[in-house]
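Enquirer: Sequential numbering of the sequence shown, starting at 377, is according to our numbering. Using N, Cα and C, we set each Cβ at its ideal position, and we do this for glycine too.
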Amino acid sequence: MIQPLKFFLQRYSHVNWTVADQVMVSGTNFLTGILLARFLGVESYGQFVVLYAILLYVNTIQFALIIAPMISIAPQISSKKERTQYFQGVITLQVLFSVFLSLLIFLLGSRFQQWYSLGNIQESILPLAASILLFQLQDWLRRYYFICSKGKTVFFNDFISYGGQIGLLFLFYAIGKLNIANALWAIALSSAIAFLIGILTENLRPAVSYALPVLKQSWRFGRDLLFSGQIYWAGSQGILIFSATMLGATAAGGIKAALNIVGLLNLLFQGMENIIPIQAAQKYSQNQITGLMDYLKKISLLGGLLLTVPCLAIALLSKELMLFIYGKEYVVFASLIIWQVGIAFIAFFRMQVFYFFRTIGYTKEIVFNTIVSTTLTFIIAGTFIYTLQETGIMMALLFGEVAGLVYGAWLVNKYFHGLKSYTISPK
């Protein structure tokens, strides 16, 4: 009895550490959101949300062109030497790419104040650019650890990054210096420390000679994901900027507060993104489409069951949760939590559709899906934002997710039945 248990724990120890990492990262992100919302106030928190949405936007570019291709390509490389060369090429691209994006945001930052009347945010442009650069580098490192099944290593590296971020926020608050700019500096500094510690302990150095072949591979894989990522961001994070522009920064802060509470479910979603694409690629490599579908069906069933109870609990206790976590100032936004619970539940199943098409290389279908979803989201938001205000935004997000799921299921059905009215062409 003891021997089989010992074997099981040894074999899946990296998975246990991965789960622990997701608990820790989700918990610290949740706590960070609470601290910023309470310490900054609704309006300033709304301004921070808009700036953070920009960070998330450039991360969609990184994810499409570097992270997603790496997650799907690297597990299928059997030769240790070739895999090392591949990673050397990828880290080279990541460093160059992150430097370029951060410089671009810094140069464009002077015009940001002219585009959006969101208070004085000029002093936050430099820390925003720095946080983009360093957050992306640390994020690349943690994905590398996941691919290499270094669960324990990624846990401690993330603890330095995300735990350090909370420590710095408390420090700034204690000395009376916590503001939007310093919150971004906290992200940048903690990410920098974690990345430097991690990269210096790995036998992995940038190599320009391997960068070009990797760039060609990544572009072939990620070009459609790049386009779909922009559209998906517009329909998720971009809608916060839209609401801030139409209704003011306070509305964006209230919506984000509701998102943060449901963000407890990010434990599952982040775990999916770090594990499922890698496992899906391996299943597809071993057993082709049958193995892939069996795997995704099991994930959908298990995940749906795991989500049901917490979703119901959060929805029923929405007002109490908002009051307890954020205070009276945010209670007026409690009803938004119920909408967000529905959005998260639908989004889980939609992600399985994305994993399916990413694994088999039919990424154009993800583009079409995000176009349909985001278009409907903005049509509904534009129609109801002035009459229903924040509720109109949440309603738009919900119906956008539903449309994306229905259309995605239709595309999968077309793929399997090979209907002549629609032909899916791989890249």
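Return yes when the Cβ of A557 is within less than 8 Å of the Cβ of G422, no when it is not.
Expert: Along the sequence shown, read from residue 1 onward, the residue named residue 422 stands at position 46. Along the sequence shown, read from residue 1 onward, the residue named residue 557 stands at position 181. No, the Cβ-Cβ distance between G422 and A557 is not below 8 Å.
Enquirer: For N533, report the span of its alpha helix (DSSP H) as first-last.
Expert: Taking the sequence shown and counting its residues from 1, one reaches residue 533 at position 157. Note, N533: alpha helix (DSSP H), G527 to D534.
Enquirer: Could you check whether the region 779–794 touches the region 723–737, counting it as contact only if at least three pairs of C-beta atoms, one from each stretch, sit closer than 8 Å?
Expert: yes
Enquirer: Taking 7 Å as the limit between beta carbons, can you name the residues of its chain near A634, skipping five residues before and five after?
Expert: In the sequence shown, the residue the question calls residue 634 occupies position 258. Excluding residues within five positions, the ones whose Cβ falls inside 7 Å are F709, L712, I713 and Q716.
Enquirer: Name the two residues that bound the continuous alpha helix (DSSP H) containing K553.
Expert: The residue you call residue 553 lines up with position 177 of the sequence shown. Careful: K553 lies outside any alpha helix (DSSP H) and carries neither H nor E.
Enquirer: By Cβ distance, which residues of its chain are closer than 6 Å to G780, with the 5 residues on each side in sequence left out?
Expert: Within the sequence shown, the letter at position 404 stands for residue 780. So the list reads R726, N745 and S749, once near-sequence residues are dropped.
Enquirer: Taking just the CA atoms, how far does C687 sit from A587?
Expert: Numbered from its first residue, the sequence shown carries residue 587 at position 211. Numbered from its first residue, the sequence shown carries residue 687 at position 311. Those two C-alpha atoms are separated by around 44 Å.
Enquirer: Excluding the 5 residues preceding and the 5 following S507 in the sequence, name in chain order all residues of the same chain whose CB lies nearer than 8 Å to its CB.
Expert: What you label residue 507 is simply residue 131 of the sequence shown in a count that begins at 1. So the qualifying residues of the chain are L431, L560, W561, I563, A564 and S567.
Enquirer: Please report the residue range of the alpha helix (DSSP H) in which F424 lies.
Expert: Translated into the one-based positions of the sequence shown, residue 424 becomes position 48. From DSSP, the alpha helix (DSSP H) with F424 extends over V418 to Q438.
Enquirer: Could you tell me if G552 is buried or exposed, where buried requires 16 or more neighbouring beta carbons within 10 angstroms of its beta carbon?
Expert: One-based indexing of the sequence shown puts residue 552 at position 176. With fewer than 16 Cβ atoms within 10 Å of its Cβ, G552 is classed as exposed.
Enquirer: Tell me the residue span of the alpha helix (DSSP H) that contains T763.
Expert: For the purposes of this step, residue 763 is taken as residue 387 along the sequence shown, with counting starting at 1. That run of the alpha helix (DSSP H) goes K740 to L764.
Enquirer: Would you kindly check if the distance between the Cβ of L504 and the Cβ of L319 is under 8 Å?
Expert: Residue coverage of the chain in this structure runs from 377 to 803, which leaves residue 319 outside it and unanswerable.
Enquirer: By a C-beta neighbour count over all protein chains shown, 10 Å radius and 16 as the cutoff for buried, is F792 buried or exposed?
Expert: The residue labelled residue 792 in the question sits at position 416 within the sequence shown. Looking at its Cβ environment, which holds fewer than 16 other Cβ atoms inside 10 Å, F792 is exposed.
Enquirer: Near W393, which residues of its chain fall below 6 Å by C-beta distance, leaving aside the five closest residues on each side in sequence?
Expert: Here residue 393 corresponds to residue number 17 of the sequence shown, with the count starting at 1. Within the same chain, W393 has close Cβ partners G527, K528 and F531.
Enquirer: Pairs of beta-carbons, one from the region 432–448 and one from the region 592–606, closer than 8 Å: are there three or more?
Expert: yes
Enquirer: I'd like to know whether the C-beta atoms of P445 and Q593 end up nearer to each other than 8 Å.
Expert: Locating residue 445 in the sequence shown gives position 69, counting from the first residue. Locating residue 593 in the sequence shown gives position 217, counting from the first residue. Cβ distance < 8 Å, so P445 and Q593 count as in contact.
Enquirer: Leaving out five residues before and five after A583 in sequence, what residues of the same chain have Cβ atoms less than 7 Å from its Cβ?
Expert: The residue labelled residue 583 in the question sits at position 207 within the sequence shown. So the list reads Q464, G465 and T468, once near-sequence residues are dropped.
Enquirer: Could you tell me which uninterrupted alpha helix (DSSP H) segments, each at least 4 residues in length, are contained entirely in the region 693–733, listed from first to last along the chain?
Expert: 694–702
Enquirer: To the nearest angstrom, how far is the alpha carbon of V788 from that of T739?
Expert: Residue numbering aside, residue 788 sits at position 412 when the sequence shown is read from its first letter. Residue numbering aside, residue 739 sits at position 363 when the sequence shown is read from its first letter. Looking at the two C-alpha atoms, the distance is approximately 12 Å.
Enquirer: Out of curiosity, what's the CA-to-CA distance linking D600 and A610?
Expert: Position 224 of the sequence shown, counting from 1, holds the residue named residue 600. Position 234 of the sequence shown, counting from 1, holds the residue named residue 610. Cα to Cα, the separation comes out at about 16 Å.
Enquirer: Runs of 4 residues minimum, wholly inside the region 596–642: which ones carry the alpha helix (DSSP H) assignment?
Expert: Residue ranges of uninterrupted alpha helix (DSSP H) with 4 or more members, entirely inside the region 596–642 and ordered along the chain, are 614–623 and 625–638.
Enquirer: Please classify Y791: does DSSP put it in a helix, a strand, or coil?
Expert: Here residue 791 corresponds to residue number 415 of the sequence shown, with the count starting at 1. The answer is helix: DSSP assigns Y791 an H, G or I state.
Enquirer: Helix, strand or coil for C524? Go by DSSP, reduced to three states.
Expert: Reading the sequence shown from its first residue, position 148 is the one you call residue 524. Coil at C524, not helix or strand.
Enquirer: Less than 7 Å separating the Cβ of L472 from some heavy atom of the ligand HEM?
Expert: The ligand HEM is not among the ligands present in this structure, which contains no ligands whatsoever.
Enquirer: Could you tell me how far apart the beta carbons of T408 and I542 are, in whole angstroms, since I believe they sit closer than 8 Å?
Expert: Along the sequence shown, read from residue 1 onward, the residue named residue 408 stands at position 32. Along the sequence shown, read from residue 1 onward, the residue named residue 542 stands at position 166. Their Cβ separation, rounded to whole angstroms, is 6 Å, which keeps T408 and I542 in contact under 8 Å.
Enquirer: Our contact map puts I761 next to M622 with C-beta atoms below 8 Å; I'd like the distance itself, whole angstroms only.
Expert: Counting from one through the sequence shown, the residue named residue 761 turns up at place 385. Counting from one through the sequence shown, the residue named residue 622 turns up at place 246. That belief holds up - the Cβ atoms of I761 and M622 are roughly 5 Å apart, short of 8 Å.
Enquirer: What's the call for F730, buried or exposed, on a 16-neighbour Cβ count within 10 Å?
Expert: As a first step, residue 730 must be located in the sequence shown, where it is residue number 354. Under this definition F730 is a buried residue.
Enquirer: I'd like the span of the alpha helix (DSSP H) that includes S455, first residue to last.
Expert: Translated into the one-based positions of the sequence shown, residue 455 becomes position 79. Taken as a continuous stretch (DSSP letters only), S455 belongs to no alpha helix (DSSP H), as it is neither H nor E.
Enquirer: Going straight from the alpha carbon of Q326 to that of S474, what length do you get?
Expert: This structure leaves residue 326 out entirely; the chain is present only between 377 and 803.
Enquirer: So the candidates are S676, R414 and Q514; which of them puts its Cα closest to the Cα of N555?
Expert: Here residue 555 refers to the residue found at position 179 when the sequence shown is read from its first residue. Closest by alpha carbon: R414.
Enquirer: Taking the CB atoms as reference points, tell me whether P810 and I447 lie closer together than 8 Å.
Expert: Beyond the ends of the chain as shown, which are 377 and 803, falls residue 810; an answer cannot be given.
Enquirer: Under three-state DSSP, which class holds E578?
Expert: Within the sequence shown, the letter at position 202 stands for residue 578. Per DSSP, reduced to three states, the secondary structure at E578 is coil, with no helix or strand assignment.
Enquirer: Going by the CB atoms, is the gap between L683 and F721 shorter than 8 Å?
Expert: The residue given as residue 721 occupies position 345 in the sequence shown. The residue given as residue 683 occupies position 307 in the sequence shown. The answer is yes: Cβ separation under 8 Å.
Enquirer: With burial defined as no fewer than 16 other Cβ atoms inside 10 Å of the residue's Cβ, what is the status of G703: buried or exposed?
Expert: As a working mapping, residue 703 is identified with position 327 in the sequence shown. It is exposed - the Cβ of G703 has fewer than 16 other Cβ atoms within 10 Å.
Enquirer: What's the C-alpha gap between W595 and Q470?
Expert: In the sequence shown, residue 595 corresponds to position 219, counting from 1. In the sequence shown, residue 470 corresponds to position 94, counting from 1. Straight-line Cα distance between these residues: approximately 13 Å.
Enquirer: Under a Cβ-count criterion, where at least 16 other Cβ atoms within 10 Å of its own Cβ denotes burial, should R581 be classed as buried or exposed?
Expert: Position 205 of the sequence shown, counted from the first residue, corresponds to residue 581. Counting of Cβ neighbours within 10 angstroms places R581 among the exposed residues, the total staying below 16.
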